[in-house]
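Chains G and A are the protein sequences, given in the same order.
Numbering follows numbering that gives the first Met the number 0, with no gaps: position 76 of the first sequence is 75.
Numbering follows numbering that gives the first Met the number 0, with no gaps: position 31 of the second sequence is 30.
Each residue gets a CB set at the ideal place from its N, CA and C atoms; glycine is no exception.
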Amino acid sequence: MNNNNALWILLASLSLVMGHGATHAYEVGNVQTGGSIHGRVSFLGSPPEPLHFKVEKNTEVCGQERSLMKVESRDGFLTGAVIVLEGVDTGKPFPPKTFTGNLPGTGEFRYLGGESLGLQVKTKDCNFGPFTGVIAANEAVQFQNQDSIKHVLHSFVSKDTRGRILRTVHNQDLQPHDAIVREFPADKMEDGVVVRIICNRHDFMQNWLYVVDNPYFAISDQEGGFTIDQIPPGTYTLLVRHPVLGEQRQEVTIEARGDLQVGFAFVDE
Amino acid sequence: MTRSIRHLCFGLIVGSFGIVYALPSAEGALLDGLMGGVEESLGKKAEEKGERLVIGNFYQAERPDSHAPIGVMQDHTHNKGEFMFTYRYMYMYMDKMRNGTDNLSSNDVLKDFAVTPKNMTTQMHMFSAMYGLNDTVTLMAMLPYVMKEMEHQNRAGVNFTTNSSGFGDTKLAALWRLYAFETPSIGSHRFHLNTGLSLPTGDITPTDNTPLGNNSLLPYPMRLGSGTVDLLPGLTYTGVRNDVSWGFQALGTIRIGYNQQGYKEGNQYKVNSWGAYRWADWISTSARLNWQQWYNIKREDGQLQTTVGPAQIPLVPTADPDRQGGQRLDLMGGVNILFPEFMGLENHLNVEAGAPIYQYLDGPQLKQAWSFWVGWQMVM
Numbered sequence: 000m001n002n003n004n005a006l007w008i009l010l011a012s013l014s015l016v017m018g019h020g021a022t023h024a025y026e027v028g029n030v031q032t033g034g035s036i037h038g039r040v041s042f043l044g045s046p047p048e049p050l051h052f053k054v055e056k057n058t059e060v061c062g063q064e065r066s067l068m069k070v071e072s073r074d075g076f077l078t079g080a081v082i083v084l085e086g087v088d089t090g091k092p093f094p095p096k097t098f099t100g101n102l103p104g105t106g107e108f109r110y111l112g113g114e115s116l117g118l119q120v121k122t123k124d125c126n127f128g129p130f131t132g133v134i135a136a137n138e139a140v141q142f143q144n145q146d147s148i149k150h151v152l153h154s155f156v157s158k159d160t161r162g163r164i165l166r167t168v169h170n171q172d173l174q175p176h177d178a179i180v181r182e183f184p185a186d187k188m189e190d191g192v193v194v195r196i197i198c199n200r201h202d203f204m205q206n207w208l209y210v211v212d213n214p215y216f217a218i219s220d221q222e223g224g225f226t227i228d229q230i231p232p233g234t235y236t237l238l239v240r241h242p243v244l245g246e247q248r249q250e251v252t253i254e255a256r257g258d259l260q261v262g263f264a265f266v267d268e
Numbered sequence: 000m001t002r003s004i005r006h007l008c009f010g011l012i013v014g015s016f017g018i019v020y021a022l023p024s025a026e027g028a029l030l031d032g033l034m035g036g037v038e039e040s041l042g043k044k045a046e047e048k049g050e051r052l053v054i055g056n057f058y059q060a061e062r063p064d065s066h067a068p069i070g071v072m073q074d075h076t077h078n079k080g081e082f083m084f085t086y087r088y089m090y091m092y093m094d095k096m097r098n099g100t101d102n103l104s105s106n107d108v109l110k111d112f113a114v115t116p117k118n119m120t121t122q123m124h125m126f127s128a129m130y131g132l133n134d135t136v137t138l139m140a141m142l143p144y145v146m147k148e149m150e151h152q153n154r155a156g157v158n159f160t161t162n163s164s165g166f167g168d169t170k171l172a173a174l175w176r177l178y179a180f181e182t183p184s185i186g187s188h189r190f191h192l193n194t195g196l197s198l199p200t201g202d203i204t205p206t207d208n209t210p211l212g213n214n215s216l217l218p219y220p221m222r223l224g225s226g227t228v229d230l231l232p233g234l235t236y237t238g239v240r241n242d243v244s245w246g247f248q249a250l251g252t253i254r255i256g257y258n259q260q261g262y263k264e265g266n267q268y269k270v271n272s273w274g275a276y277r278w279a280d281w282i283s284t285s286a287r288l289n290w291q292q293w294y295n296i297k298r299e300d301g302q303l304q305t306t307v308g309p310a311q312i313p314l315v316p317t318a319d320p321d322r323q324g325g326q327r328l329d330l331m332g333g334v335n336i337l338f339p340e341f342m343g344l345e346n347h348l349n350v351e352a353g354a355p356i357y358q359y360l361d362g363p364q365l366k367q368a369w370s371f372w373v374g375w376q377m378v379m
């Protein structure tokens, strides 16, 4: 190998290493005059019937039958839509949050907060957690299995909101009362919008986690409502995403200490 | 020259493990991200049918035909951290002589040779383990214990039997996930690359008592290994749709260098194709076609007696390096049973048996009559 070749290989290696580390990262900073967004997500139509599953394995833990409601609405308002404010580079820290959802079982998504999202998926009673949630690229996610049976965690990433083309990221056994930590690397998540997690042994365990890169997100509650606060003044894109109903977006301008009221409406297609 | 070959072999072994261990964080199949056009096209078709396209799902649902018929090895990969132990037992019976596609009687052979083989049994106890190192590589190691017995007859009409037994060659392999895709309507399709080495742990100087004397060196078919480091490249494709599964595998055995006895066995190539039907969650049956071609030995074992008497009559066809090659097509039928999970372990009991439907032998050689396999696989 001559010196020129060696130099090029060295430069290429350095660019790969630096390129990997040069991806955009959210920074925590002071938000003195932050504004907020309040809103509701409506669903105009009849939600599809819940899917019913006859449990084939581990009925002693999972029960005999399970159901999965993919579109959950009440009085015309949508629960579980993920609202994301895009384009915020600096702002409040990630807040600690816990979501349990309405699926059978007591699994939960716990976000530890701080400098990063800190997602923990606490699987219990054959339930990963709520049907929808959020996840961050390049961040370790802890998957805990609090059940006395094995689950096979299978995660996919998709470039579109509804996951039409899913690409496997991880496929690994989750042993009883064990925990594994897996990272969702940026190269796998490139242009990725959503991560789907399923259990290969229990087909009713399926959840959707939308990719976020800042703490300005919310998940609509049982009245379809959501709040995002401490937003630095500026103009952003506000997205609402749902695995079955798709995606809607609108441009929003946040004023200092202002409170913006927004609304989204999905219709039955 | 020999030293160079040894260095090459050593380099290959160290290199193979170096590659595997250099990629402990490898995530996903090797062709992921390189099949954009294919994915676009498949994704569009799936969307038209209201289906999702899933890329990179190498997981095989727990079903009886999630593993190939037991006579096929390295047919599937494992998830990261998954371990599988397999015990296989094989019984192969060879009976009567053949040259080309012509059957020969013992008298036909004894016109040209002092001794003819009459039949042979080979039994193997194979212990193997597979481990999912990461989402790309599955490692495999296999050690067989081999028992061989051959009956002979000489021109005087005297029958005698020779035996050899011991550990055979150790096989180490890395299975590399290449690509996988699936939709409900087209099923799942998985491809992986097989790379491996066979290490010469089998005895190539077995001896037994014969009419020629005690502790005579036994000829090539009675040896327990090749004596050489062999490369084991291959490609495997498997598919599943509803209750039907199928597969195709091409594997080679490429001999490197010559062994300590001064010869090397011929290269060997195998092509397997199989189909299986799942009758219930716990049982499936399979049919398999196994084509194989193996070549004659290069050079010869200088210590092996090949002629007898002052007239230098050829001793026995099994001692002739130019009478070892052949081609064969086997038809096999099998049953796979998946047992209920016990203490977190997934247990498979698989049986397979069959016989050649075509064999061309560079003989005279013993022709294969039938073979039988049974195996227990435990996934944890």
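C-beta neighbour in chain A for residue i, strict 8 Å
i, result
"G/Phe52", "no"
"G/His241", "no"
"G/Val192", "no"
"G/Thr22", "With a pLDDT of only 47 at G/Thr22, under the threshold of 50, the placement of this residue in the model should not be trusted; the figure read from the coordinates follows. Cβ-Cβ to chain A under 8 Å: no for G/Thr22."
"G/His153", "yes"
"G/Asn199", "yes"
Beta-carbon proximity check, residue i vs residue j, cutoff 8 Å
i, j, result
"G/Ser41", "G/Leu84", "no"
"A/Arg322", "A/Gly70", "no"
"A/His124", "A/His347", "no"
"A/Ala128", "A/Phe82", "yes"
"G/Leu67", "G/Phe203", "yes"
"A/Gly131", "A/Asn193", "no"
"A/Val145", "A/Leu223", "yes"
"G/Leu208", "G/Val193", "yes"
"G/Gly128", "G/Ile218", "no"
"A/Leu360", "A/Arg97", "yes"
"A/Met93", "A/Lys366", "yes"
"A/Asp64", "A/Ser283", "yes"
"G/His201", "G/Lys56", "yes"
"A/Arg298", "A/Tyr268", "no"
"A/Gly324", "A/Tyr357", "no"
"G/Gly106", "G/Phe93", "no"
"A/Leu29", "A/Arg176", "yes"
"G/Asp303", "G/Gly33", "With chain G covering 0 to 268 only, the question about residue 303 of chain G has no answer from this structure."
"G/Leu152", "G/Gln174", "no"
Residues sharing a beta bridge with residue i, DSSP
i, result
"A/Tyr276", "A/Val243 and A/Thr284"
"G/Phe42", "G/Phe265"
"G/Tyr235", "G/Val251"
"A/Ile336", "A/Ile282 and A/Leu348"
"A/Asp329", "A/Asn289 and A/Pro355"
"A/His77", "None, per the DSSP bridge assignment."
"G/His169", "G/Ser154"
"A/Asn193", "A/Leu174 and A/Gly233"
"A/Asp207", "A/Ser215"
Closer than 8 Å to chain G by CB, residue i
i, result
"A/Ile54", "yes"
"A/Asp242", "no"
"A/Glu38", "yes"
"A/Gly42", "yes"
"A/Phe57", "yes"
"A/Arg51", "yes"
"A/Glu46", "yes"
"A/Gly343", "yes"
"A/Gly27", "yes"
"A/Asp31", "yes"
Closer than 8 Å to chain C by CB, residue i
i, result
"A/Phe247", "Looking at the structure shown, chain C is missing, and the protein chains on hand are G and A."
Residue i beta carbon near the ligand COA (any heavy atom closer than 7 Å)
i, result
"A/Gly99", "In the structure on display, the ligand COA does not appear, and there are no ligands present to speak of."
Exercise. If contact means a Cβ-Cβ distance below 8 Å, which residues of the region 159 to 187 of chain G contact chain A?
Worked result: So the close ones are Gly162, Arg163, Ile164, Leu165, Arg166, Thr167, Val168, His169, Asn170, Gln171, Asp172, Gln174, Pro175, Pro184 and Lys187.
Exercise. At a Cβ cut of 9 Å, what residues of the region 74 to 91 of chain A count as close to chain G, listed as they run along the chain?
Worked result: Using a CB distance below 9 Å, the part of the region 74 to 91 of chain A facing chain G consists of Asn78, Lys79, Gly80 and Glu81, ordered along the chain.
For this session: Quick one: which residues of the region 153 to 176 of chain A get their C-beta closer than 7 Å to a C-beta of chain G? List them in chain order.
Result: Against chain G - using a Cβ distance shorter than 7 Å - the region 153 to 176 of chain A contributes no residues.
Exercise. Using a beta-carbon distance cut-off of less than 9 Å, what residues from the region 135 to 154 of chain G approach chain A?
Worked result: Listed by position, the residues of the region 135 to 154 of chain G near chain A (Cβ gap below 9 Å) are Ile148, Lys149, Val151 and His153.
For this session: Spell out a yes or no on whether the region 272 to 281 of chain A and the region 304 to 312 of chain A are touching, meaning 3 or more CB-CB pairs, one atom from each, closer than 8 Å.
Result: In the pairwise beta carbon analysis, the region 272 to 281 of chain A is classified as not touching the region 304 to 312 of chain A: fewer than three pairs are separated by under 8 Å.
Exercise. Is there contact between the region 178 to 193 of chain G and the region 86 to 100 of chain A, where contact requires at least three CB pairs shorter than 8 Å?
Worked result: With a cut-off of 8 Å, the region 86 to 100 of chain A and the region 178 to 193 of chain G do not count as touching, because too few Cβ pairs lie within range.
Exercise. With contact counted as at least three CB pairs below 8 Å, one residue from each stretch, are the region 136 to 153 of chain G and the region 201 to 217 of chain G in contact?
Worked result: The region 136 to 153 of chain G, when compared against the region 201 to 217 of chain G, does touch it at the 8 Å Cβ threshold.
Exercise. Is there contact between the region 166 to 179 of chain G and the region 93 to 102 of chain G, where contact requires at least three CB pairs shorter than 8 Å?
Worked result: In short, these stretches do not touch, since the Cβ pair count stays below three.
Exercise. What residues from the region 106 to 139 of chain A come within 8 Å of chain G, judged by C-beta to C-beta, listed N to C?
Worked result: Those would be Asp134, in chain order.
Exercise. Would you call the region 212 to 221 of chain A and the region 46 to 53 of chain A touching, i.e. three or more CB-CB distances under 8 Å?
Worked result: Contact between the region 212 to 221 of chain A and the region 46 to 53 of chain A is not established, with fewer than three Cβ pairs separated by less than 8 Å.
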